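I have placed the structure first, in the form of structure tokens, so that the comments after it can refer back to it.
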Amino acid sequence: MITTLLAATLAVGMITPSQSPVQQAMAELVALGVTGVQVRMHTPRGDWTGSAGSTRLGDMTPPPTDGRFRAGSVTKTVVSTVVLQLVDDGRIGLDAPVDQYLPEFALDHRITVRMLLQHTSGIFNYTGEPGSPGIPMTGQPFLDARWHTYRPADLVRLALAKPALFEPGTSFSYSNTDYVLAGLLIEKVTGTRYATQVEQRILRPLGMRATFLPGSWPFIPGPHAHGYFRYEKGVVDITALNPSWAFSAGEMISTTHDLDTFLAALLGGRLLSPAMLTEMRKPHPVSGYGLGLSQFDAGAACGGTVVGHSGSIHGYSTAMYGTADGRMRFEMSVTAGATEIDPTRFAMAESKVLGAAFCGNATVTS
């Protein structure tokens, strides 16, 4: 049973790290070619943290389990929570046209706030779609733009200059543009920076002191593992970069501890009304994506319904998941290395760590 497996894995003093299915899966991920990985788990029996690999290439120091990292699209869950709080406050209509709040973009009037949060707007993704590039995200062109400061309104206009992918609300396509618009929506309605609202509504009340939204500031302060970027001329330490291109779609820097604090509060009903949390978790029939929150069935033996989000940004990959009741939670940061890894093998290796956390030895796919 899952409870027995997790208790055996996590109980302090009962096993050594080398015997843990989670540690074994982490070691396999490092063997695949990543630089390092850190994991945090919460179960009814307590918390567990561990790391594998190294902090940087050429250094045998393990990644700090309390280190900061770029959380990528996990930012979307936080931004969606703020939007839904504003819906709870009566300041935004969940099914109101976005054009009502942001008329300067002349959006299709059928696109609603809900569609932004669920990626059903049909708006082109400014970081690119298959066969249609957006801003430079790979190779030398990305490195040439590494320190460039992007304005969110310009990112939206770039996306809107491309044809819509489908009629609003008729399909699903993951789009960073949707969440840049969500950030701008927060700013228009509140009259403050979206980052200010995140700080006032989530970070400060929950005591998430290690988490922040850097804007165009390129560094990660304090203990942290380094991430790397492979391109046609070699490998570059990409830990420092200007994340303004990600804005409210993925700029957040955090720790596994802070992400666990956030997920516990969200799933525990401390951030949204019961009705709004239900709306957030309501999955799209095809994708399983709710409103900034993915949901999938891991099976009865692995905790049942699992909700959360993953994220990636140059050099870093992040996962944040928990059972629907929040009693089991999992956070992971992976730092890219010098080895080119097949994306499918990488996804399976990450999934194996997640599966070991929730099931003891299985692979969970979402």
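Residue numbers are given in the working numbering: position 333 of the sequence shown equals residue 333, and the series is strictly consecutive. Virtual Cβ for every residue (Gly too), placed ideally from N, Cα, C. Since the structure is predicted, the reported quantities are computational estimates derived from the model, not experimental observations.
In whole angstroms, give me the CA-to-CA distance for residue i and residue j.
i, j, result
"K352", "D99", "42 Å"
"T49", "L158", "42 Å"
"M1", "G288", "Annotation note: pLDDT 27 at M1 (below 50); position unreliable, no value reported."
"A249", "L291", "13 Å"
"A27", "A324", "28 Å"
"M320", "V78", "12 Å"
"D95", "R110", "10 Å"
"F219", "V180", "21 Å"
"F346", "L32", "8 Å"
"A161", "T256", "38 Å"
"G215", "G131", "29 Å"
"V236", "I253", "20 Å"
"A52", "D154", "40 Å"
"F267", "Y174", "A small fix is needed here, since residue 267 is Leu in this sequence, not Phe. When rounded, the distance between both Cα atoms is 23 Å."
"G303", "W147", "43 Å"
"V334", "F142", "21 Å"
"G322", "E331", "9 Å"
"E350", "L29", "7 Å"
"M115", "G58", "45 Å"
"A240", "S294", "29 Å"
"R193", "E187", "5 Å"
"D66", "F212", "15 Å"
"T230", "Y126", "The residue asked about is misnamed: residue 230 is Arg in this sequence, not Thr. Roughly 22 Å separates the two Cα atoms."
"E167", "I92", "23 Å"
"F396", "H42", "Since the first residue shown for the chain is 1 and the last is 366, residue 396 is missing from the structure and cannot be characterised."
"P97", "L84", "15 Å"
What would DSSP say about residue i, mapped onto helix, strand or coil?
i, result
"M208", "coil"
"P97", "strand"
"A319", "strand"
"I186", "helix"
"G311", "strand"
"E104", "helix"
"E384", "Not covered by the structure: residue 384. The range shown for the chain is 1 to 366."
"A28", "In the sequence as displayed, the identity of residue 28 is Glu instead of Ala. Helix."
Within the continuous alpha helix (DSSP H) that includes residue i, where are the two ends?
i, result
"S20", "No alpha helix (DSSP H) holds S20; DSSP gives it neither H nor E."
"G67", "Counting along the chain, G67 falls outside any alpha helix (DSSP H), and DSSP gives it neither H nor E."
"D154", "P152 to L160"
"Y194", "Y194 to V198"
"V113", "V113 to Q118"
"P141", "G139 to D144"
Between which two residues does the beta strand (DSSP E) carrying residue i extend?
i, result
"Q85", "It is not in any beta strand (DSSP E) - Q85 instead sits in the alpha helix (DSSP H) that spans V74 to D88."
"M41", "G36 to T43"
"R345", "Where R345 is concerned, there is no enclosing beta strand (DSSP E), although the alpha helix (DSSP H) it sits in stretches over P343 to C359."
"R329", "R329 to T335"
"Y174", "Note, Y174: premise wrong, no beta strand (DSSP E); not H, not E."
"A52", "G46 to G53"
Determine contact between the segment 197 to 213 and the segment 258 to 274, defined as no fewer than three beta-carbon pairs at a distance below 8 Å.
yes
With a cut-off of 8 Å, do at least 3 Cβ pairs link the segment 220 to 234 to the segment 271 to 291?
no
Please specify which runs of the beta strand (DSSP E), each continuous and at least 3 residues long, are wholly inside the segment 220 to 262, giving them in chain order.
228 to 231 and 234 to 237
Three or more C-beta pairs below 8 Å linking the segment 113 to 126 and the segment 190 to 205:
no
For the segment 61 to 68 and the segment 20 to 39, state whether three or more C-beta atom pairs, one from each stretch, are separated by less than 8 Å.
yes
Would you call the segment 272 to 280 in contact with the segment 180 to 190, where contact means no fewer than 3 C-beta pairs closer than 8 Å?
no
May I have a chain-ordered list of the beta strand (DSSP E) segments no shorter than 3 residues that lie completely inside the segment 259 to 306?
294 to 297
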